[in-house]
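The sequence shown begins at 25 in our numbering and counts up by one.
Cβ coordinates follow ideal geometry from the N, Cα and C atoms, glycine included.
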Amino acid sequence: MPADALKCKECSTTYPLEARYVCDRCFGPLEVAYTAPQSSAAELKRRIQAGPHTLWRYADFLPLEGTPRSALPTGFTPLVKADRLAERLGLGELWVKNETANPTHSFKDRVVAVALARAQELGFQTIACASTGNLANAVAAHSAAAGLPSYVLIPADLEEAKILATGAYGANVVAIKGNYDAVNRLCTELAGDRDDWAFVNVNLRPYYAEGSKTLAFEIAEQLGWELPDRVVAPVASGSLFTKIARAFEEWIDCGLLEGEVPKMNGAQAAGCSPVAQAFEAGTAVCRPVKPDTIAKSLAIGNPADGPYAVELAQRTGGGVDAVSDGEIRAGIRMLAETTGIFTETAGGVTAAVLAKLAQRGDIDPSERVVLCITGDGLKTIDAVRGSFEVTEIEPKVSEFDAAFAGAAA
Ligand SMILES: [Zn+2]
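Here is the structure:
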């Protein structure tokens, strides 16, 4: 399915496949447009199955010219059957897409792999980004593996683990005294001045966004080339959420999947929920908010793809819900205790929204549901601090026995 242009999402004006992201005519966002695939569904499937055990097995659906390669293998993460969590929530068939298994432990490795591969095709030598943390880790690691210098701009108050796990790769870490929206504005200005730098989520954004599709391709392949009935995924900018649905649409259109796009449920933190508020109000207009939540990786107060996320939730019969910081912490514990998967606060948001949907009776027991867990709990370790007790004793059997007298021998 060859990429043939960048196309404005608002007015459909097309542009060459360059490093650009905004329409000159209407200032709408650009996205990659493809021509219909030349191959049959059977041939496409054969090519995927013969491909590497990374996201590059879906290269036919990505905007790259050559055979893509990357020094840091990404994707092909587990889809875990979550029977114990399903039982706790009274659901039928539940799967967890475990994106913590990526090289820097979040789904951002996918978008960076695709943006970096395209940046290299376009001849860029310096990689940069505006990040709430996970993207910083991924840009630093993938740039290091490719031997390219990187500049990672983050809010100064980011979790320490995310800062340390970025600087460790030798990236230039730039902490901005402001929130993510301020970081993003600065990067947009810098990208205008430095046209020889690839800002993965600014001037390379159309390519970057395509990387998220591979998460959905994998879900469908791992379900035996079938669609789920419902997907619950986090909403920050709205890019991942909308691209998951786009991926399913592309595979339905070319005959790789049968059926309809799943019900799409978005998850936000109550302390930064412009998309959930818009959905609730029945409008696609997302009014910017000032974020205040422990889910910092979702703390985008002015989400670029917010209106498209609302429209998608409406169109598929899904929704967008918000949960409190307390519910987020409970969501992290619920997921860990029932699946063995320890997620960061964003995953706590997603798990808590799933619980909310289940409690509200929104999910039919016959549904096949996929919960997208996008990042690792070690990145936001403070979120579980104080949520359990550690038993400290002298190294004596008597003390152990005294502490655990009631436990089974
Ligand atoms: Zn336009």
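Asked	Found
Given a cut-off of 8 Å on the beta-carbon distance, is the pair I352 and L359 in contact?	no
Classify K403 as buried or exposed, calling it buried when 16 or more other Cβ atoms lie within 10 Å of its own Cβ.	buried
With H, G and I counted as helix, E and B as strand and the rest as coil, what does DSSP make of I178?	strand
Of all the beta strand (DSSP E) runs that stay within the bounds of the stretch 135-216, which reach a length of 3 or more residues?	150-154, 174-179 and 196-200
Measuring straight from C-alpha to C-alpha, what distance separates P87 and Y193?	27 Å
Ignoring anything shorter than 4 residues or poking outside the stretch 359-417, list the alpha helix (DSSP H) runs there in chain order.	369-383
Which residue marks the beginning of the alpha helix (DSSP H) containing K69, and which one marks its end?	A65 to Q73
Can we say the stretch 203-222 touches the stretch 319-337, given the rule of at least three CB pairs closer than 8 Å?	yes
On the criterion of 16 or more Cβ atoms from any shown chain inside 10 Å, does I318 qualify as buried, or is it exposed?	buried
In terms of residue numbering, what span does the beta strand (DSSP E) encompassing Q292 cover?	K287 to A293
I need the DSSP call for R339, collapsed to helix, strand or coil.	helix
Any idea if D219 is buried or exposed, counting beta-carbon neighbours within 10 angstroms, 16 or more meaning buried?	exposed
From the DSSP output, in three-state form, read off D133 for me.	helix
CA-CA distance, I200 and A370?	22 Å
Tell me where the alpha helix (DSSP H) around F428 begins and ends.	Looking at the DSSP string, F428 is not in any alpha helix (DSSP H), and its letter there is neither H nor E.
Can you list, in chain order, the residues of its chain whose CB lies under 6 Å from that of T128, leaving out five sequence neighbours each side?	N161, A162 and A165
Can you check which of these residues, R112, D107, S63 and R81, is closest to P97 by C-alpha distance?	R81
In chain order, what are the residues with a CB under 6 Å from some non-hydrogen atom of ligand 1?	C32, E34, C35, T37, C47, R49, C50 and G52
Going by beta carbon distance, what residues of the same chain come within less than 8 Å of A185, once the five residues before and after it are set aside?	L402, K403, T404 and I405
Anyone know if the C-beta pair for V176 and S155 falls short of 8 Å?	yes
Can you tell me whether R134 is buried or exposed, with buried defined as 16 or more other CB within 10 angstroms of its CB?	buried
Between the alpha carbons of F223 and L280, how many angstroms are there, rounded?	33 Å
Using three-state DSSP, classify D48 as helix, strand or coil.	coil
Taking the alpha-carbon positions, what's the A420 to T101 distance?	Note that residue 420 is Lys in the sequence shown here, rather than Ala. For K420 and T101, the distance between alpha carbons rounds to 43 Å.
Name the two residues that bound the continuous alpha helix (DSSP H) containing Y232.	R229 to E234
How is the beta strand (DSSP E) around A328 delimited, first residue to last?	Segment: none, A328 is in no beta strand (DSSP E) and carries neither H nor E.
Would you report the Cα separation of A431 and P389, rounded to the nearest angstrom?	36 Å
Which class does A27 belong to by DSSP, given the choice of helix, strand or coil?	strand
Could you pull out every residue in the same chain whose Cβ sits closer than 6 Å to the Cβ of S297, ignoring the five residues on either side in sequence?	A346
Hey, would you say A427 sits closer than 8 Å to I417, going by beta carbons?	yes
Is DSSP giving D345 helix, strand or coil here?	strand
What distance in whole Å lies between the Cβ atoms of K121 and L243, which are believed to be in contact at a cut-off of 8 Å?	It should be pointed out that residue 243 corresponds to Ile in this sequence rather than to Leu. Their Cβ separation, rounded to whole angstroms, is 6 Å, which keeps I243 and K121 in contact under 8 Å.
When you compare the CB positions of N225 and C153, do they come within less than 8 Å of one another, or not?	yes
Evaluate the contact criterion for the stretch 231-246 versus the stretch 305-317: three or more CB pairs, one atom per stretch, below 8 Å.	no
Report buried or exposed for K237, applying the criterion of at least 16 other Cβ atoms within 10 angstroms of its Cβ.	buried
Look at the Cβ atom of V259, then the Cβ atom of V313, and state whether they are nearer than 8 Å.	no
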